[in-house]
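Residue numbers (the numbering used here), protein chains in the order written: chain R, 7 to 311; chain S, 80 to 398; chain L, 19 to 294.
See structure below.
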Amino acid sequence: MRKFLLRRAILAVMVMLTVLVVAFALTRLSGDLAVSIAGPNATAEDVVTIRKNYGLDRPLPAQFVDWAVAAASGDLGRSYLYRAPVWGLIKERLPITVCLGLIGLGFALATAIPLGILAAMREGTLLDRAIGSVTLIGQAMPSFWLGLLLIITFGLKLQWLPISGVDTWDGYVMPGIVLAFSAIPALLRLTRSGMIEALSSDYIRTARAKGLSTSSIVLKHALRNAAMPVVSVAAVQLGFMLGGSIVIETVFALHGVGYLAWESISKNDFPVVQAVVLVLATIYVGLTLLADMMNAVLDPRLRGG
Amino acid sequence: MRPVLEITNLNVGFPDGTAAVRGVSLQVMPGETHCVVGESGCGKSVTALSVMNLLPRGARRSADVMRFHDHDLTRMADRHIARLRGDKMAMIFQEPMTSLNPAYTIGSQMAEVLERHRHVSRAKGLDRAAELLGKVGITAPGMRLGQYPHQLSGGLRQRVMIAMALMCDPELLIADEPTTALDVTVQAQILRLLKSLQQQLGLALLLITHDLGVVARMAQRVSVMYAGQVVESADAKALFAAPAHPYTRGLLDCVPIPGKTAPGEPLGSIPGVVPRIGEGYVGCAFRDRCAYAAPACKGEIPRNRLSPDHETICTRSGA
Amino acid sequence: MNPRSISTSLGLLIVGGVLAIALGADLLAPHDPFAQDLSQRMIPPRWMDGGTPDHLFGTDQLGRDYLSRLIFGARISLLIGTLTVVTSGLIGTTLGVVGGYFGGRTDDAVMFAITCRPAIPLILVALTVVALIGSSLTVVVLTLGLLLWERFAVVARTTTMQIRNLDYVAAARAAGASTAHILIREILPNILTHLIVVATLEMALAILLEAALSFLGLGVPPPLPSWGLMIAEGKDYMFFSPWVIMVPGIALFILVFGINLLGDGMRDLLGVSARR
Ligand SMILES: Nc1ncnc2c1ncn2[C@@H]1O[C@H](COP(=O)(O)OP(=O)(O)O)[C@@H](O)[C@H]1O
Ligand SMILES: [Mg+2]
Numbered sequence: 007m008r009k010f011l012l013r014r015a016i017l018a019v020m021v022m023l024t025v026l027v028v029a030f031a032l033t034r035l036s037g038d039l040a041v042s043i044a045g046p047n048a049t050a051e052d053v054v055t056i057r058k059n060y061g062l063d064r065p066l067p068a069q070f071v072d073w074a075v076a077a078a079s080g081d082l083g084r085s086y087l088y089r090a091p092v093w094g095l096i097k098e099r100l101p102i103t104v105c106l107g108l109i110g111l112g113f114a115l116a117t118a119i120p121l122g123i124l125a126a127m128r129e130g131t132l133l134d135r136a137i138g139s140v141t142l143i144g145q146a147m148p149s150f151w152l153g154l155l156l157i158i159t160f161g162l163k164l165q166w167l168p169i170s171g172v173d174t175w176d177g178y179v180m181p182g183i184v185l186a187f188s189a190i191p192a193l194l195r196l197t198r199s200g201m202i203e204a205l206s207s208d209y210i211r212t213a214r215a216k217g218l219s220t221s222s223i224v225l226k227h228a229l230r231n232a233a234m235p236v237v238s239v240a241a242v243q244l245g246f247m248l249g250g251s252i253v254i255e256t257v258f259a260l261h262g263v264g265y266l267a268w269e270s271i272s273k274n275d276f277p278v279v280q281a282v283v284l285v286l287a288t289i290y291v292g293l294t295l296l297a298d299m300m301n302a303v304l305d306p307r308l309r310g311g
Numbered sequence: 080m081r082p083v084l085e086i087t088n089l090n091v092g093f094p095d096g097t098a099a100v101r102g103v104s105l106q107v108m109p110g111e112t113h114c115v116v117g118e119s120g121c122g123k124s125v126t127a128l129s130v131m132n133l134l135p136r137g138a139r140r141s142a143d144v145m146r147f148h149d150h151d152l153t154r155m156a157d158r159h160i161a162r163l164r165g166d167k168m169a170m171i172f173q174e175p176m177t178s179l180n181p182a183y184t185i186g187s188q189m190a191e192v193l194e195r196h197r198h199v200s201r202a203k204g205l206d207r208a209a210e211l212l213g214k215v216g217i218t219a220p221g222m223r224l225g226q227y228p229h230q231l232s233g234g235l236r237q238r239v240m241i242a243m244a245l246m247c248d249p250e251l252l253i254a255d256e257p258t259t260a261l262d263v264t265v266q267a268q269i270l271r272l273l274k275s276l277q278q279q280l281g282l283a284l285l286l287i288t289h290d291l292g293v294v295a296r297m298a299q300r301v302s303v304m305y306a307g308q309v310v311e312s313a314d315a316k317a318l319f320a321a322p323a324h325p326y327t328r329g330l331l332d333c334v335p336i337p338g339k340t341a342p343g344e345p346l347g348s349i350p351g352v353v354p355r356i357g358e359g360y361v362g363c364a365f366r367d368r369c370a371y372a373a374p375a376c377k378g379e380i381p382r383n384r385l386s387p388d389h390e391t392i393c394t395r396s397g398a
Numbered sequence: 019m020n021p022r023s024i025s026t027s028l029g030l031l032i033v034g035g036v037l038a039i040a041l042g043a044d045l046l047a048p049h050d051p052f053a054q055d056l057s058q059r060m061i062p063p064r065w066m067d068g069g070t071p072d073h074l075f076g077t078d079q080l081g082r083d084y085l086s087r088l089i090f091g092a093r094i095s096l097l098i099g100t101l102t103v104v105t106s107g108l109i110g111t112t113l114g115v116v117g118g119y120f121g122g123r124t125d126d127a128v129m130f131a132i133t134c135r136p137a138i139p140l141i142l143v144a145l146t147v148v149a150l151i152g153s154s155l156t157v158v159v160l161t162l163g164l165l166l167w168e169r170f171a172v173v174a175r176t177t178t179m180q181i182r183n184l185d186y187v188a189a190a191r192a193a194g195a196s197t198a199h200i201l202i203r204e205i206l207p208n209i210l211t212h213l214i215v216v217a218t219l220e221m222a223l224a225i226l227l228e229a230a231l232s233f234l235g236l237g238v239p240p241p242l243p244s245w246g247l248m249i250a251e252g253k254d255y256m257f258f259s260p261w262v263i264m265v266p267g268i269a270l271f272i273l274v275f276g277i278n279l280l281g282d283g284m285r286d287l288l289g290v291s292a293r294r
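This is the structure:
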C-alpha cells in the first residue's frame, strides 16, 4: 500500500514536470511573445524594451529553467496587466472556482448516484432507459447554452435566482447546475454499471440469503463495492470541472480563476495564463492522488497490500 | 413427524424458455440429511434457490406445495420470506471465494445477521460470531473477526460461511455443493464438520452435490435429479443397494463407493451431456444417453413406487 | 423494433439529415448567409409576432437570414468535427498501436503520455493557443486534434495488446512480414471498428468544444456562421428575443445528441466498449 501510493506520487511529480514544459511551451507558440505582449499598436522600440524587461531576449532553455524553478518554489511571476504577483491574483479568486466546482460535483453526485442505483436495480426496464436518456441529454447539452437558458428562465422570467455574480449563496445555484450537467453522464453510467456488476455478484446473493433488508443490500453491500471507480472518476471530473469552469464563469460573470484566465488570454497577460494552467493541473494531479488514497481506504485488498 | 421442508410439484422456468425444474417434489424431515444429487445443469441449484426465494430476476416459479414448517412459501411476499432467511432457514454456496463481501470484515458480516433477526447490539453479534467461529474449528476467532475475506483461504471462508449460516440457530440448512470448489483434503474436513454440526444441532440439512461419494457419507435420504426432474428418490441405503433408474446406476458406476467398489476396479462414465429442456417437453430426457432406451421412452413416463419410500420414473422399472 | 435500434435509427436519421443539409447548403439556403441588411434586423421567426414569410427563422442583429446561417453552420460543425477526429485519431491510434504492440519501455512512454494529457486543462489551453496564433478553422482543428487523442490511444492500445499474440499476427511475423506491414495490414484493420466508435463519440465532443471556443470569441472567426458564434452574438439580445439563442442552441443539441445516439448504437452493434 505504501509502495503503491509512493509510485503514484512519483508519477504525479513526473506529470507535473511535463505540465511545466507544456505550460511554458504554450506561451512561446506565437514565436515572439514580446510582440504579443506589446499589442498591435506598439512601436519596434516598445517591443525591444519589453523583450529586455521580461528577459525574453535570453535563450529559451534559460528562460524555462528560471521560470520553472521559480514556479516550483511558489513564485508564479508578475502579471503584465495588473502589475502584481500572479499568485496573489489567483489566490483571491480560487475560492470562488473551488466552491463552484464542489457545488457542481455535489449536484452531480446527488443526481448521478441515486439515478444510477435505480437504473441498475431496474436494469432493462423502461425506467432504466428513461434514466439512460438523461445521460444522453447531459452529454449533448452545450454548457454555455444551458447556462443562458437558465439565466433567461430562472433569472429573468421567474426571477428566482441572480443572473450573475456570487454576492449571495444562491448565485452558485445555476452555475453549479450547469457544471454538474457535464459530470453527470460519466458518473451515472459508472454508478449504473458498477451497481449492476455488484448486484449480480455472489456476495449479494449471500446478503439476500442472510435475509437482509433491500436497503442494506443495495446501499451497504452493493454500493460500497460499486463506489470505488465512482470515487476515482468523481475526482477526475472535479478536475475537469475546475478546468471547464472558464466557460461557466464567463457566462455567469463569476470572478473566479476561470474568468481571470479568460481575461488574461484576451489581454495577452501570459504569466497569468501560464500560472492558471499550472495551478489547475496541480489541482487535477492532486485530486487523482487523493482518489488513489480514498480507494485504498475503501478497498481492504489495497490496504492490506 | 411433520417435515421441515415440503415441496410438491415445483416448476421453474426462465425467460429464455428453459424449464430448469419440472415437477420436483421432496421432503426434508427434522434432523435429517437429504441429498440432492445429479450432474451439473440438472436444476439442483435452481431448486434450492426456489426454496429461499433467491431466484434470478425473470425466473417463474410455481408449486402445488412449498412449505417451510407452517409457512406457505408460495403465498408469502419476499419481505416476509426475508425474515425467515438467515434466521430459520440458511444457505451456503459453492463459491466460498466470492460469496463474502470483500469490503467488510468477517465479524461485521456475521454480526449483522444477528442484528437483523434478533435486534441485538453489534457487541452481542460479535460475541456470537466468535463463539461460532470456534465451533466450526477456526482457531483464534477473535482475530479472525477483524480480518477481511481476502486474508482467508477458501477452506476458511467456507467455514466462515457455515458459521454465518448458523448465527440464528436455523432449523434448515441448505448447502449447495459446499465442497466442490475446495481441495480434496479440505473437502473431507468440511463434510466432517457439516455432519457433526448437523448431529449436534439437530439440523435438517438439504445437501446438494454431484458426487455420490458425498451422498454415501452424509445422506439419510437421496433425490436423484436429471434435467429438472427427480428421477429417483429413496432411502440412502436402499438407493445404494438397489438403484432403480439407469441414470442412478450410471452415476454409481462413476464413483468409488467405500465398501462397494473393489480397489483398482475401473470407473465408468456416462457418455453425453445433460440436455437443455424447453417448456412442454415430453418423454424421458435421459433416453439419448440411456443403454436401455426403448420406443416407450418417448411417451409419458410412469411414476413407480418400488417400496413406501423408494420412487422412480422410468419405463423399465414398472415392468 | 427494439428500443435500441429505434434510438440508433434516430441517430442515423439526425446525422444523415444534418450531413445532407451541410452538403447541400448552397442549394438549400434561401439567402446568402453573409448578406447584411440593416433595415431587416432582428426579425423574429415566421411563427412569432412580427415574423415575415421571407425569413423562416428570422434575422440576426446585422439583418442576416438566420436559417441560411444555421444551414451553413452545419457545414462548419461537421467539418470541424470530422477534421478534428481525423487529426486526433491519427495521433492517438499511432501512439496506442505502437505502445500496445511493442510493450515494454515504449508502452510505458505511451501510458505516461496518456496519463499526462487530462492534467492539461482542455479549454484553457485551446483558448490560449487560438489567442496566440490567431483564430481560423485550421487552428481550431489542429488545436482540438492535438488535445483529444487520449481515448483513441487508450482503446487502440488495449485492443492491440489483445490481438498482438493471436495466431494470425504470429503467423505474419513468422512469415517474415515487416513490422510496419504487421501494424498496418494485420493490426489496424482489426481494431478499426473500435476506433470508429471512439471517433463518433469524440466527434460529438469536438463539436461541442468548437462551439464553446467560438462562444468565447476564440473559435472560428466571424463572420463565419458557427453555431457557437451565433449564440455568442445573440447573447446580448436574448433577454428580449430569446429565439436568437434558442435556434442555434437547439440545432447544436440535436446534432450532438444524434451523433451520440449513433455512437452508442454502433458500440452495441459491434460489441465494442469504448467508454471511459
Ligand atoms: N439465470 C438463468 N437463466 C437461464 N437459464 C438458467 C439460469 N440459471 C440456471 N439456468 C438453467 O437451469 C438449468 C439448471 O441449472 P442449475 O440449477 O444451476 O443446475 P445445477 O444442477 O448444476 O445446480 C440449467 O440448464 C441452466 O442452464
Ligand atoms: Mg449448481
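For each residue, glycine too, the CB sits at the ideal point set by N, CA and C.
Note that this is a predicted model, so its numbers are computed, not measured.
Using C-beta distances below 6 Å, list every residue in its chain close to residue i, excluding the 5 sequence neighbours before and after it, in chain order.
i: Leu-211 (chain S); result: Ala-242, Leu-245
i: Arg-294 (chain L); result: Any answer about Arg-294 (chain L) is weak, because its pLDDT of 38 lies below 50 and its placement is not dependable; what the coordinates show is given next. Excluding residues within five positions, none has a Cβ falling inside 6 Å.
For a test of the three-state rule: what should DSSP assign to residue i, helix, strand or coil?
i: Arg-293 (chain L); result: With a pLDDT of 44 at Arg-293 (chain L), under the threshold of 50, the modelled position of this residue cannot be trusted; read the value that follows with caution. Arg-293 (chain L): coil per DSSP, three-state reduction.
i: Ala-98 (chain S); result: strand
i: Gly-92 (chain S); result: strand
i: Val-291 (chain R); result: helix
i: Leu-179 (chain S); result: coil
i: Gln-268 (chain S); result: helix
i: Met-313 (chain S); result: Reading off the sequence, residue 313 (chain S) comes out as Ala, not Met. If DSSP states are grouped into helix, strand and coil, Ala-313 (chain S) belongs with the strands.
i: Arg-64 (chain R); result: coil
i: Arg-81 (chain S); result: coil
i: Ala-217 (chain L); result: helix
i: Tyr-86 (chain R); result: coil
i: Pro-235 (chain R); result: helix
Between residue i and the rest of its own chain, which residues show a CB-CB distance below 7 Å, the 5 nearest in sequence each way excluded?
i: Leu-242 (chain L); result: Ile-94
i: Val-215 (chain S); result: Arg-238, Ile-241, Ala-242, Leu-272
i: Thr-153 (chain S); result: Ala-142, Met-145
Of the residues the options, which one's Cα is nearest the Cα of residue i?
i: Leu-133 (chain R); options: R:Ala-186, R:Ala-146, R:Arg-198; result: R:Arg-198
i: Ala-232 (chain R); options: R:Arg-195, R:Trp-268, R:Asp-173; result: R:Arg-195
i: Ala-317 (chain S); options: S:Val-100, S:Thr-327, S:Val-309; result: S:Thr-327
i: Arg-64 (chain L); options: L:His-73, L:Ile-141, L:Ser-154; result: L:His-73
i: Glu-250 (chain S); options: S:Ala-373, S:Met-240, S:Ala-370, S:Gln-278; result: S:Gln-278
i: Leu-252 (chain S); options: S:Arg-395, S:Arg-382, S:Met-108; result: S:Met-108
i: Gly-359 (chain S); options: S:Val-353, S:Gly-378, S:Met-170; result: S:Gly-378
Closer than 8 Å by C-beta to residue i: which residues in its own chain qualify, once you throw out the five before and the five after it? Chain order, please.
i: Gly-68 (chain L); result: Ile-61, Pro-62
i: Gln-54 (chain L); result: Leu-80, Gly-81, Arg-82
i: Arg-128 (chain R); result: Asp-134
Taking residue i as the query, report the chain S residues whose CB atoms sit under 7 Å from its CB, ordered along the chain.
i: Leu-293 (chain R); result: Near Leu-293 (chain R) there are no residues of chain S at all, since even the closest Cβ is about 23 Å away, more than 7 Å.
Give the interface partners of residue i over in chain S, defined as CB-CB distance under 8 Å, in chain order.
i: Tyr-209 (chain R); result: Thr-177, Ser-178, Leu-179, Asn-180, Pro-181
What does residue i reach in chain R if we use C-beta pairs closer than 8 Å?
i: Gly-165 (chain S); result: Ala-215, Lys-216, Gly-217, Leu-218
Would you say residue i reaches chain A, if we count a Cβ-Cβ gap shorter than 8 Å as a contact?
i: Thr-212 (chain R); result: Checking the listed chains, one finds no chain A in this structure; the protein chains it contains are R, S and L.
What does residue i touch in chain L if you count any residue whose Cβ is under 7 Å from its own?
i: Thr-256 (chain R); result: Leu-234
What does residue i reach in chain R if we use C-beta pairs closer than 7 Å?
i: Gly-267 (chain L); result: Pro-148, Trp-151
- Query: Would the segment 190-202 of chain R and the segment 258-272 of chain R be scored as touching if the rule is three or more Cβ pairs under 8 Å?
  - Reply: Contact annotation: the segment 190-202 of chain R does not touch the segment 258-272 of chain R, with fewer than three C-beta pairs closer than 8 Å.
- Query: For the segment 246-259 of chain R against the segment 105-114 of chain R, are there 3 or more C-beta pairs whose distance is under 8 Å?
  - Reply: Touching, yes, given that three or more Cβ pairs across the two stretches are closer than 8 Å.
- Query: Within the chosen definition, does the segment 208-221 of chain R reach the segment 132-152 of chain R through at least 3 CB pairs nearer than 8 Å?
  - Reply: The segment 208-221 of chain R is not in contact with the segment 132-152 of chain R.
- Message: Does the structure place the segment 112-129 of chain S close enough to the segment 296-305 of chain S that three or more beta carbon pairs sit under 8 Å?
- Response: Contact holds: three or more Cβ-Cβ distances are below 8 Å.
- Could you tell me whether the segment 216-225 of chain S touches the segment 244-264 of chain S, using the rule of 3 or more Cβ pairs below 8 Å? With a cut-off of 8 Å, the segment 244-264 of chain S and the segment 216-225 of chain S do not count as touching, because too few Cβ pairs lie within range.
- Message: Assess contact between the segment 152-159 of chain R and the segment 75-83 of chain R, defined as three or more Cβ pairs (one per stretch) separated by less than 8 Å. Is contact present?
- Response: Cβ pair count under 8 Å is below three, so no.
- Query: How about the segment 82-100 of chain S and the segment 138-154 of chain S: do they share at least three Cβ pairs that are nearer than 8 Å?
  - Reply: Between the segment 82-100 of chain S and the segment 138-154 of chain S, the count of C-beta pairs closer than 8 Å reaches three or more; the two stretches touch.
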